[in-house]
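Participant:
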Amino acid sequence: MSLVRQLIDELKVDSNAQKELAERLALTISEDTNLRVLLLNALIAEAATKRDIESAKGELKQEISAVRSELKQEISELRADMRTYFYGFMGGILATILTVVLITLNSYNSQLMVISFL
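Going by our numbering, the final residue of the sequence shown carries number 130, and the count climbs one at a time with no gaps.
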């Protein structure tokens, strides 16, 4: 087994050794200008810039606006459907009431005609 493999296996089981290695690496990086620049360049490449954030913010605003428009449209359609159902329901009720009234009037009319013939 290679020395590197032994070191890796040792670091897997010994948390104190891991911590000591990390501290020594951090100290070495902080003291060496070239290593710091190399590390910073790698980090900067992954970091979001202000322009990236502004772009994402603009896209998010557009998406929110689109969702808002869709929601308003859906609500409008729902209101129209509800009006249609309401008017249909009311029409049914009025037709039923009118039928009852007309039948009742017709019944009274028939009774009056019978009484007037007597």
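Backbone N, C-alpha and C fix where the C-beta goes; we use that ideal spot for every residue, glycine too.
In this text the structure is predicted, and so the values were computed from the model without any measurement.
Can you tell me the Cβ-Cβ gap for A29 and L23, rounded? I've got them flagged as a contact below 8 Å.
Facilitator: Taking the first residue of the sequence shown as position 1, residue 29 is located at position 17. Taking the first residue of the sequence shown as position 1, residue 23 is located at position 11. A29 to L23, Cβ: 6 Å. Contact.
Participant: With a CB to CB cut of under 7 Å and the five nearest residues on each side skipped, what residues in its chain are close to L33?
Facilitator: For this step, residue 33 is matched to residue 21 along the sequence shown. So the qualifying residues of the chain are L23.
Participant: Return the chain-ordered list of same chain residues with a C-beta closer than 8 Å to the C-beta of E89, the five sequence neighbours on each side being excluded.
Facilitator: Looking up residue 89 in the sequence shown gives position 77. If we look at E89 and ignore the five residues flanking it on each side, it has no Cβ neighbours.
Participant: Along the chain, where does the alpha helix (DSSP H) that runs through D21 open and close?
Facilitator: Along the sequence shown, one-based indexing puts residue 21 at 9. Its alpha helix (DSSP H) spans residues L15 to V25.
Participant: Along the alpha helix (DSSP H) that carries T45, what are the first and last residues, could you check?
Facilitator: Looking up residue 45 in the sequence shown gives position 33. Its alpha helix (DSSP H) spans residues T45 to E58.
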